[in-house]
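See below for the structure under consideration.
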Amino acid sequence: MLILVRENNIEQALKALKRKLAREGVLRELKLRRAYEKPSERKVREKAEAIRRARKLARKQAQREGLLPAPKPKTPSRGRVGLPRSAPPTAAKP
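Every letter in the sequence shown is one number past the one before it in the working numbering, and letter 70, counting from 1, is 72.
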């Protein structure tokens, strides 16, 4: 695997590396192999994943056919909205 660093931009190179690792499933595989997984537990996990995939596929199919409304677009969060940017809260006086 080769990641090019252009103009000493390490952040961009790291982002590209993470994207490649995620696409290839390396991080997921690493997480799964951290501890031994019994074959029975593996079957249960794989079956649950298959059910999840089937539900997602059916939901998308229903949305395409117009049986379900399309999902609302996610709005980017702005951090801690609604809190004043003043001094931190103080403890109550006894």
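The beta-carbon is built from N, C-alpha and C at its ideal position, and this holds for glycine as well.
Simplified DSSP state of residue i, which is helix, strand or coil
i	result
Ile42	It should be pointed out that residue 42 corresponds to Ser in this sequence rather than to Ile. In the structure shown, Ser42 sits in a helix (DSSP, three-state: H, G or I).
The ligand SAH heavy atom lying under 7 Å from the CB of residue i
i	result
Asn10	This structure does not include the ligand SAH; it has no bound ligands of any sort.
Contact set for residue i: own chain, Cβ-Cβ below 8 Å, skip 5 residues either direction
i	result
Leu70	Arg61, Ala64
Arg8	Gln14, Ala15
- request: Kindly provide the ranges of any alpha helix (DSSP H) runs that are 4 or more residues long and lie completely inside the region 9–73, ordered along the chain.
  value: Those alpha helix (DSSP H) runs which fall completely within the region 9–73 and span 4+ residues are 12–26, 28–34, 41–67.
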